[in-house]
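Peer 1: Position one of the sequence shown corresponds to residue 66 (our numbering), numbered consecutively onward.
Glycine residues also receive a C-beta, built at the ideal position from the N, C-alpha and C atoms.
Just dropping this structure here.
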Amino acid sequence: MKLEQIMALIKQRRSIRRFSKEKIERWQLELLVEAAIWAPSGSNAQAWQFVVVDDAATLQRLTAFLPGVLQAPPAMICLCVDYQRELAQAGKLGVKILGIMDISMAAQNIMLAAETLHLGSCAIRGFNEDVIKKALVLPEQVKPELLVIVGKPLQPAKAPTRRPLGEVLRWQTTSTRAKRTMDKKTQFYDLLAYIAAAAKEMHNDPQIYASLRLLSVMQRLLEMAADEEGLDQIFLQETQQMILEKRSLLLNDREQFGVFLDQLTRKIATKNFS
Ligand SMILES: Cc1cc2nc3c(=O)[nH]c(=O)nc-3n(C[C@H](O)[C@H](O)[C@H](O)COP(=O)(O)O)c2cc1C
Numbered sequence: 066m067k068l069e070q071i072m073a074l075i076k077q078r079r080s081i082r083r084f085s086k087e088k089i090e091r092w093q094l095e096l097l098v099e100a101a102i103w104a105p106s107g108s109n110a111q112a113w114q115f116v117v118v119d120d121a122a123t124l125q126r127l128t129a130f131l132p133g134v135l136q137a138p139p140a141m142i143c144l145c146v147d148y149q150r151e152l153a154q155a156g157k158l159g160v161k162i163l164g165i166m167d168i169s170m171a172a173q174n175i176m177l178a179a180e181t182l183h184l185g186s187c188a189i190r191g192f193n194e195d196v197i198k199k200a201l202v203l204p205e206q207v208k209p210e211l212l213v214i215v216g217k218p219l220q221p222a223k224a225p226t227r228r229p230l231g232e233v234l235r236w237q238t239t240s241t242r243a244k245r246t247m248d249k250k251t252q253f254y255d256l257l258a259y260i261a262a263a264a265k266e267m268h269n270d271p272q273i274y275a276s277l278r279l280l281s282v283m284q285r286l287l288e289m290a291a292d293e294e295g296l297d298q299i300f301l302q303e304t305q306q307m308i309l310e311k312r313s314l315l316l317n318d319r320e321q322f323g324v325f326l327d328q329l330t331r332k333i334a335t336k337n338f339s
C-alpha cells in the first residue's frame, strides 16, 4: 500500500453513529476481528477477547444502556481484556495499563479495516459495564473496555477539526539532546542508570522478564568492551549476535529461550576456562 493511500484511509475514517438498517455480513465482521488481532500487543500478551453482537433484538436492548448512541447499530464488537491472562503474561503493568493500550490499538485496526469495507464505525466508551458484562455473559476476569459499533453509514460525516500539527508536535530541542560523544565514562553511567531503571521495572514485570533485563545488561557491557584491547573481539561479537538473534524467543517460545540461555552460559564458560 502506498503512503498516500494509507494517509487517505486514516483521514477518511470518521466516527459514524447513525446507520442504515442493512445487516453486516459475518465474513466482514470476522475480518474486522482478524484485523484486530494483528494489532501490536504489550509483551505480546494478547489478553483480549472480542465479542461480536449482530442480533438485532440484543443490540436494541443494549443500546438502552449506551447513553451516547441514539439508535441501535447493525453490529457491535465488544473489546474486552481478560485480566487473569494479562496478569500471567504481562504482570502488574499489563493489568494497570497495557491491556487497555492493546485494546485501543486493536480498535483502530477494526475501524480502519471497516473503512476499507465502506462500513462506518465508532468507538464507544460511554456504557454501563455491569450491564454489558451481564448481557454478554462475560466471565468474572473478563472486563469490557471499549465497544465499536459498526454499520453502513446513513450519511457521510463531516470531519471534526484537528489541532494543528504546529500545536501538538514538538521537536527535541538542543537542551534535551543527549551528548553526542559516547565515551566509556558516559556508557558506564548510562549502564548504571539502566540497571537502576530495570530494577524498578522488575517490581511490576513478570518474573520471566528478569532474564531479558540481565541480557540487556550483558549487551551493554559487550558494547562497552568493543575495541577494548586484550579482549577477544570475535568472541564478543559472536556473543552479541547470539543474544540479538535469540532474545525474542522469550515471547515466542519459552522452552527454546531456556535452551538458548544454556547455550549462552556454556559458550561463556568455555571461553572462561579455555
Ligand atoms: C476512547 C474513545 C472513546 C469514545 N467514546 C465515545 C462515546 O462513548 N460516544 C461517542 O459518541 N463517541 C465516542 N468516541 C468517538 C469520538 O467522539 C470521536 O473519535 C471524536 O469526536 C473524533 O471524531 P472522528 O472519530 O470522526 O475523527 C470515542 C472515541 C475514543 C477514541
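1) In angstroms with no decimal places, state the Cα-to-Cα distance between serine 106 and serine 339.
2) Proline 209 and glycine 185 look like a contact to me (Cβ under 8 Å); what is the Cβ gap, rounded to whole Å?
3) Going by the beta-carbon positions, is the gap between phenylalanine 192 and proline 139 smaller than 8 Å?
4) In whole angstroms, what is the alpha-carbon distance linking asparagine 109 and leucine 131?
5) Measure the beta-carbon distance from leucine 212 to methionine 141 and round it to whole angstroms, keeping in mind my assumption that it falls under 8 Å.
6) Give a single yes or no on whether cysteine 187 has its beta carbon closer than 7 Å to a heavy atom of ligand 1.
7) Which residue's Cα is closest to the Cα of glutamate 342: Asp318, Gly323, Gly216?
8) In terms of alpha-carbon separation, which member of Ala73, Glu205, Ala188 lies closest to aspartate 195?
9) Should arginine 91 be counted as a contact of ligand 2 given a C-beta to heavy atom distance under 7 Å?
10) Indicate whether the contact test is met: 3 or more Cβ pairs, each with one atom in the stretch 164-182 and one in the stretch 117-124, closer than 8 Å.
11) Could you tell me the alpha carbon to alpha carbon distance between leucine 280 and aspartate 167, rounded to whole angstroms?
12) Tell me whether glutamine 154 is buried or exposed, calling it buried when 16 or more other Cβ atoms sit within 10 Å of its Cβ.
13) Looking only at its own chain, which residues have a Cβ that is under 8 Å from the Cβ of leucine 96, when we skip the five neighbours before and after it?
14) With distances taken from CA atoms, which of Ser80, Met267, Leu257, Arg331 is nearest glycine 156?
15) Considering only the alpha carbon of each residue, which of Gln70, Arg79, Lys199 lies closest to glutamine 220?
Peer 2: Let me spell this out:
1) On the sequence shown, residue 106 is found 41 positions in, with the first residue counted as 1. On the sequence shown, residue 339 is found 274 positions in, with the first residue counted as 1. Cα to Cα, serine 106 sits roughly 43 Å from serine 339.
2) For the purposes of this step, residue 209 is identified with residue 144 of the sequence shown, where counting begins at 1. For the purposes of this step, residue 185 is identified with residue 120 of the sequence shown, where counting begins at 1. About 21 Å separates the two Cβ atoms, so there is no contact after all.
3) Indexing the sequence shown from 1 puts residue 192 at position 127. Indexing the sequence shown from 1 puts residue 139 at position 74. It is not a contact, given that the beta carbons lie outside the stated cut-off.
4) Here residue 109 corresponds to residue number 44 of the sequence shown, with the count starting at 1. Here residue 131 corresponds to residue number 66 of the sequence shown, with the count starting at 1. Distance between the alpha carbons of asparagine 109 and leucine 131: 31 Å.
5) Along the sequence shown, read from residue 1 onward, the residue named residue 212 stands at position 147. Along the sequence shown, read from residue 1 onward, the residue named residue 141 stands at position 76. That pair is a contact at about 6 Å.
6) Along the sequence shown, read from residue 1 onward, the residue named residue 187 stands at position 122. Yes, the beta carbon of cysteine 187 sits closer than 7 Å to at least one heavy atom of ligand 1.
7) The structure shown does not extend to residue 342, since the chain is modelled only from 66 through 339, so no value can be given for it.
8) Counting from one through the sequence shown, the residue named residue 195 turns up at place 130. Answer by Cα proximity: Glu205.
9) Ligand 2 is not part of this structure, which contains only ligand 1.
10) no
11) Counting from one through the sequence shown, the residue named residue 280 turns up at place 215. Counting from one through the sequence shown, the residue named residue 167 turns up at place 102. Cα-Cα distance, rounded: 26 Å.
12) Mapped onto the sequence shown, residue 154 falls at position 89. Under this definition glutamine 154 is a buried residue.
13) The sequence position of residue 96 within the sequence shown is 31, counting from 1. Hits under 8 Å: Ala178, Leu182.
14) Sequence index remark: in the sequence shown, residue 156 carries index 91 (1-based). Selected option, being the one with the closest Cα: Met267.
15) Numbered from its first residue, the sequence shown carries residue 220 at position 155. For the residues Gln70, Arg79, Lys199, the minimum Cα distance to glutamine 220 belongs to Arg79.
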